[in-house]
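Here is the structure we will look at, set down as structure tokens.
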Amino acid sequence: MIRIQVPATSANLGSGFDSLGIALTLYNQIWMEEEDGIFISSRDGLDVPTGEDNLIYWAAKQLYNECGAKLPGLRIEQQSDIPMTRGLGSSSACIVAGLLGANRLLGNPFDRHEIVNLANRLEGHPDNTTPAVLGGLVASAVENRRVYSVSVPVAPKIRFAVLIPPFELKTEVARGVLPQEVSRQNAVYNLSRSALITASLFSGSLENLRVAVQDTLHQPYRAHFIPGMEQVFRITYELGSYGTYISGAGPSIIAIIGDEVSQDFENYAVTRLEEKGISGWQLKILKSDSHGAAVFLD
Ligand code: HSE
């Protein structure tokens, strides 16, 4: 069997709505081989779709179709460490896994760039799919169905304190509340900050982040879906966050921190939230993944 490992991703980074994303050191693993029929199971006991509607299978089938190859069927075993519907790119990870797995089974007819384009066409959010494939901090723009992107490494001292709430938020719902039009003032507000956050994370100019993550395009409209968000932001800043933002469409919240405050976050973040009556949130301290998705022969 082949094994595909795909990182979680955090889109937007506050101001870079639909444009910026980062790969994180939290992974889904998928084992795959051709079979006559569809055999899908979860190695960690999760209730996963076991038919053609399974996202990994569906994406693999799209790649076979692109190549004009017939898919006899697949055996898929998945281990999903990326929590689902939490704004951490779990759907992107499944789609990228299906594409990369199928590509390997067919002898790698597509290069990474073509996988990036295909993933965007299937998923629709290049700010999640592109960092999942390439790793790093990724800026992407789409023109004529092609993704133009750059992946840069993040300064090594940076950590991402990911606060994951005990409830889900579907991306369609979180996008449904956004305005169709924005003012020039708000466009410039976000443009300037998304440029600043990219340069700041690359160079390690962490003092800029508090301003650079600010956003007018999506977070204010999504806040009401995340009870306790204000306190989560406040507590992360009290514990030393450089910049805190809603991950992707939410509901997870990420604080960008230096390694020196990781232990304080481990010790106090969840406890302080519980003291405020905000319970059930989990904390994961992650780094930026700089390699992206990978395929192994197990
Ligand atoms: N940029 C997208 C959004 C990410 O914020 O809706 C969705 O995963």
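Under the working numbering, the first residue of the sequence shown carries the number 1469, and numbering increases by one thereafter. Even glycine gets a Cβ: it sits at the ideal position worked out from N, Cα and C.
Q1731 burial status per 10 Å Cβ neighbour count (16 or more: buried): Position 263 of the sequence shown, counting from 1, holds the residue named residue 1731. It counts as exposed.
Could you check which residue in E1611, M1552, S1548 and G1716 has the C-alpha nearest to that of G1489? Working through the sequence shown from its first residue, we reach residue 1489 at position 21. Comparing C-alpha distances from G1489 to each of E1611, M1552, S1548 and G1716 shows the shortest one belongs to G1716.
Would you mind giving the Cβ-Cβ distance between A1737 and L1751, rounded to the nearest angstrom? I have them listed as a contact below 8 Å. Counting from 1 along the sequence shown, the entry for residue 1737 is found at position 269. Counting from 1 along the sequence shown, the entry for residue 1751 is found at position 283. At roughly 5 Å, the Cβ-Cβ gap stays under 8 Å, so A1737 and L1751 are in contact.
Mark R1571 as exposed unless 16 or more other C-beta atoms lie within 10 angstroms of its C-beta, in which case mark it buried. To locate residue 1571, count along the sequence shown from 1; it is residue 103. According to the sequence displayed, residue 1571 carries Asn and not Arg. Burial call: buried.
Report whether the distance from the Cβ of H1593 to the nearest heavy atom of the ligand HSE is below 6 Å. Locating residue 1593 in the sequence shown gives position 125, counting from the first residue. H1593: yes, Cβ under 6 Å from the ligand HSE.
Determine the closest residue to G1505 out of T1518, I1498, Y1495 and G1513, with distance taken between C-alpha atoms. On the sequence shown, position 37 is the one that residue 1505 refers to. Ranking the options by Cα distance to G1505, first place goes to T1518.
Evaluate L1514 with the Cβ neighbour count: other Cβ atoms within 10 Å of its Cβ, from every protein chain shown; 16 or more gives buried, anything less gives exposed. Locating residue 1514 in the sequence shown gives position 46, counting from the first residue. Flag for L1514 reads exposed.
Excluding the 5 residues flanking F1635 on each side, which residues of the same chain have their C-beta closer than 7 Å to its C-beta? Locating residue 1635 in the sequence shown gives position 167, counting from the first residue. The answer, listed in chain order, is P1719.
Nearest to E1618 by alpha carbon, out of L1574, P1540, W1749 and F1670? Translated into the one-based positions of the sequence shown, residue 1618 becomes position 150. First, the amino acid is wrong: residue 1618 is Val here, not Glu. The alpha carbon of V1618 has as its nearest neighbour, out of L1574, P1540, W1749 and F1670, the alpha carbon of F1670.
Proximity below 7 Å, CB of I1703 to CB of Y1713: In the sequence shown, counting from the first residue as 1, residue 1703 sits at position 235. In the sequence shown, counting from the first residue as 1, residue 1713 sits at position 245. Not closer than 7 Å, so no.
Simplified DSSP state of P1475, which is helix, strand or coil: The residue given as residue 1475 occupies position 7 in the sequence shown. It is a strand residue.
Quick one: does the C-beta of N1772 sit closer than 6 Å to a heavy atom of the ligand HSE? Missing from the structure shown is residue 1772; the chain here goes from 1469 to 1766 and no further.
Rounded to whole angstroms, what's the CA-CA distance from S1747 to D1579? Just pull it up for me. Taking the sequence shown and counting its residues from 1, one reaches residue 1747 at position 279. Taking the sequence shown and counting its residues from 1, one reaches residue 1579 at position 111. Rounded to the nearest angstrom, the two C-alpha atoms are 45 Å apart.
If you compare alpha carbons, which of T1493, L1674 and Y1657 is closest to H1686? Numbered from 1 along the sequence shown, position 218 holds the residue referred to as residue 1686. Answer by Cα proximity: Y1657.
Are there any heavy atoms of the ligand HSE lying less than 6 Å away from the beta-carbon of G1840, as far as the coordinates show? Lying before the first or after the last residue shown, residue 1840 is absent from the chain, which here runs from 1469 to 1766.
For the structure I just gave you, are there three or more beta carbon pairs, one from the region 1576-1595 and one from the region 1660-1679, closer than 8 Å? These segments do not touch.
Judging by CA-CA distance, which residue of H1581, L1556 and R1554 is the nearest neighbour of L1567? Residue numbering aside, residue 1567 sits at position 99 when the sequence shown is read from its first letter. Cα-wise, what sits closest to L1567 is H1581.
With E1534 and W1526 assumed to form a contact (beta carbons below 8 Å), what rounded beta-carbon distance in angstroms separates them? For this step, residue 1534 is matched to residue 66 along the sequence shown. For this step, residue 1526 is matched to residue 58 along the sequence shown. The pair is not a contact, with the Cβ atoms about 13 Å apart (cut-off 8 Å).
Check this for me: beta carbons of S1483 and R1661, under 7 Å apart or not? For the purposes of this step, residue 1483 is identified with residue 15 of the sequence shown, where counting begins at 1. For the purposes of this step, residue 1661 is identified with residue 193 of the sequence shown, where counting begins at 1. Contact flag set, yes.
Identify every run of the alpha helix (DSSP H) within the region 1611-1665, keeping only runs that are complete inside it and at least 4 residues long; order them along the chain. With a minimum length of 4 residues, the continuous alpha helix (DSSP H) runs that stay inside the region 1611-1665 are 1639-1644.
Distance, A1623 Cα to T1493 Cα: Indexing the sequence shown from 1 puts residue 1493 at position 25. Indexing the sequence shown from 1 puts residue 1623 at position 155. Straight-line Cα distance between these residues: approximately 15 Å.
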